[in-house]
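Position 111 of the sequence shown, counted from 1, bears residue number 202 in our numbering, the numbering being contiguous throughout.
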Amino acid sequence: MALGPAGPLVVAVGGGLISAFFYLSVMFGGMGALILGYLAPLPLFLAGLWLGAPAVTVAGLAGAAAVMLGTSGSMLVALSYLVTGAAPAILVVRQALLARSREDGTLEWYPPGRVLMGLTGMGVAALLAAVILTLGEPDGLEGLMRQTLARVVEPAFRMQGQQAPDPEAFWVAAVLPGLVAVSWLVMTIVNAVLAQGALMRFGRNRRPAMRLAELELPNWLAPLFAVSVAAASVVPGTVGFLAVNLALILAVPFAFTGLSVVHVFASSRSARTLILVGFYMMLFLFGWPILLLVGLGMIEQWIGLRRRFTPAAPGQEDE
C-alpha cells in the first residue's frame with residue numbers, strides 16, 4: 092500500500108501520539124499498564140525504520156507534545172519522554188539506516204555493534220550527568236537514591252504501623268542507577284527488534300535484518316569493562332559508586348555478544364530449537380545465566396568462539 096503525499100507525516104504523528112498514550116498509561120493506568128509503558132518506543136521505531144530518520148524525529152516531537160498536554164503542561168515529564176524514548180529511537184534509526192555502496196553495487200549497512208555501542212554511550216553519558224549534577228548532595232547520587240527509596244516506602248510502613256528502615260539500609264541504591272540504565276537499554280533494543288521484525292513481516296523494512304552473529308564490539312571495550320569491575324571492587328566513595336554502575340552498563344554489550352555465541356552454537360546442532368528454548372527458560376526463570384552471557388561475550392571478544400563453532404558459515408541468527 093503506497094502512502095500519499097501526506098502519508099508519511101500522518102504515520103509519524105500518529106506513531107508519536109500512540110507512543111505518548113503508551114507512555115502516559117503507566118501514570119494513569121496503574122500497574123496493569125506497565126507493559127504498555129514498556130512498549131512506548133515501539134511506534135517510534137515502526138515509523139522510523141519504515142519511513143526514515145525524519146519520520147522518527149517528527150514522531151518523537153509529536154509524542155513529547157502529547158505527553159505535555161496529557162500532564163497539564165509538565166515540562167519535566169515531556170523531557171523525560173524525550174530523553175528516555177524519543178532520543179534513543181532517533182539515534183538507533185538514524186544509525187541503523189546508514190549504508191554505503193560496495194564496489195559490486197551492494198549496500199554495506201551500518202554495523203549492529205556500533206548501533207549498540209551508541210546506545211550504551213547514551214547510558215554512560217546519562218550516568219555521568221547524574222553523578223555530576225548531584226555532587227552537591229550529601230553522599231552524591233547514591234545518597235539521593237537512598238533518600239528517595241526511603242521516602243517511597245515510608246507510607247507503606249506507616250500504614251502497617253511500623254517504622255520505615257533507615258536510608259542506609261537500602262543497599263540497592265548503590266547499583267540502582269546502573270540497573271535503571273540496563274533496563275532502559277534492554278527496553279530500547281527489544282522495541283527496535285520488534286519493530287524491525289514487524290516491518291519485515293509486511294515487507295516495509297528499509298534495512299535487512301541485523302544478525303546476532305554480525306555483532307562486533309570495539310577492542311577497547313573489554314579493558315574498560317575490566318577496569319570498571321576492578322575499581323568497583325576496591326575503590327570506595329563516589330568513584331567506586333560510579334565504577335560499579337558503569338560496569339553494569341558496559342556489561343550489556345557483552346551480554347548480547349554472549350547471546351550471539353549461544354545462537355551460533357545452537358544453529359550448528361540438530362536440537363537447535365530445544366537448546367534455545369531451554370536456555371531462554373533458564374535465563375528468565377533464574378537470571379544468573381546473564382553472568383554466563385557476559386562471560387561468553389568477553390571470551391568471544393578475545394578468541395572468537397563463534398568462528399570455532401561455525402567455521403564455514405558464521406552469522407545465521409537474527410537478533
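We put the beta carbon where it would ideally sit given N, CA and C, even for glycine.
- For V158 and I390, the rounded distance between their alpha carbons: The residue you call residue 390 lines up with position 299 of the sequence shown. The residue you call residue 158 lines up with position 67 of the sequence shown. Taking the straight line from one Cα to the other gives about 44 Å.
- Classification of G107 by the beta-carbon crowding that lies within 10 angstroms, buried from 16 upward: Translated into positions along the sequence shown, residue 107 becomes position 16. So G107 counts as buried.
- Between the beta-carbon of L365 and the beta-carbon of H354, is there less than 9 Å? Residue mapping note: residue 365 aligns to position 274 of the sequence shown, counting from 1. Residue mapping note: residue 354 aligns to position 263 of the sequence shown, counting from 1. It is not a contact, given that the beta carbons lie outside the stated cut-off.
- Message: Tell me whether the stretch 261-274 and the stretch 165-174 touch, counting them as touching only if at least three CB pairs, one residue from each stretch, are closer than 8 Å.
- Response: no
- Message: Give me, in chain order, the residues of the same chain whose beta-carbon lies closer than 6 Å to that of E307; leave out the 5 immediate sequence neighbours on both sides.
- Response: One-based indexing of the sequence shown puts residue 307 at position 216. G204.
- Go through its chain and collect everything with a Cβ distance to V320's Cβ below 7 Å, but skip five positions before and after it. Your numbering for residue 320 matches position 229 in the sequence shown. A338.
- Message: So, under 8 Å CB-CB, A150 and L170 are touching, yes? Tell me the CB distance rounded to an integer number of Å.
- Response: Against the sequence shown, residue 150 aligns to sequence position 59. Against the sequence shown, residue 170 aligns to sequence position 79. The Cβ separation is near 17 Å, so there is no contact.
- Round the Cβ separation of I381 and A346 to the nearest angstrom and send it over; I've been treating them as touching at under 8 Å. Within the sequence shown, residue 381 is the residue found at index 290, counting from 1. Within the sequence shown, residue 346 is the residue found at index 255, counting from 1. Going by Cβ atoms, the distance from I381 to A346 rounds to 6 Å, so yes, they are a contact pair.
- Query: What is the DSSP secondary structure of E233, counted as helix, strand or coil?
  - Reply: As a working mapping, residue 233 is identified with position 142 in the sequence shown. It is helical.
- Query: Among residues of its own chain, excluding the 5 on either side of Q253, which ones have a beta-carbon nearer than 6 Å to its beta-carbon?
  - Reply: Along the sequence shown, read from residue 1 onward, the residue named residue 253 stands at position 162. For Q253, where only same-chain residues beyond five positions count, there are no Cβ hits under 6 Å.
- Query: Just how far apart, CA to CA, sit F112 and G196?
  - Reply: For the purposes of this step, residue 112 is taken as residue 21 along the sequence shown, with counting starting at 1. For the purposes of this step, residue 196 is taken as residue 105 along the sequence shown, with counting starting at 1. Distance between the alpha carbons of F112 and G196: 43 Å.
- Item | Alpha-carbon to alpha-carbon, A304 and E199 | The residue given as residue 199 occupies position 108 in the sequence shown. The residue given as residue 304 occupies position 213 in the sequence shown. Computed Cα separation, rounded: 16 Å.
- Message: Do P327 and T211 have their beta-carbon atoms positioned less than 9 Å apart in this structure?
- Response: As a working mapping, residue 211 is identified with position 120 in the sequence shown. As a working mapping, residue 327 is identified with position 236 in the sequence shown. Result no, Cβ atoms of T211 and P327 do not sit closer than 9 Å.
- Taking C-beta to C-beta, are V147 and R185 nearer than 9 Å? The sequence position of residue 147 within the sequence shown is 56, counting from 1. The sequence position of residue 185 within the sequence shown is 94, counting from 1. For V147 and R185, yes; Cβs fall inside 9 Å.
- Message: Cutting at 6 Å between CB atoms, please list the residues of its own chain near R191, excluding the five before and the five after it.
- Response: Taking the first residue of the sequence shown as position 1, residue 191 is located at position 100. For R191, where only same-chain residues beyond five positions count, the Cβ hits under 6 Å are E199.
- Message: Measuring straight from C-alpha to C-alpha, what distance separates D409 and I394?
- Response: For the purposes of this step, residue 409 is taken as the residue at position 318 of the sequence shown. For the purposes of this step, residue 394 is taken as the residue at position 303 of the sequence shown. Confidence in D409 is poor, its pLDDT being 47 and thus under 50, which makes the residue's placement too unreliable to answer from.
- Query: Which residues bound the beta strand (DSSP E) around L198?
  - Reply: If you number the sequence shown from 1, residue 198 lands on position 107. From DSSP, the beta strand (DSSP E) with L198 extends over 198-200.
- Where does W311 land, buried or exposed, given buried means 16+ other C-beta within 10 angstroms? Here residue 311 refers to the residue found at position 220 of the sequence shown. Looking at its Cβ environment, which holds fewer than 16 other Cβ atoms inside 10 Å, W311 is exposed.
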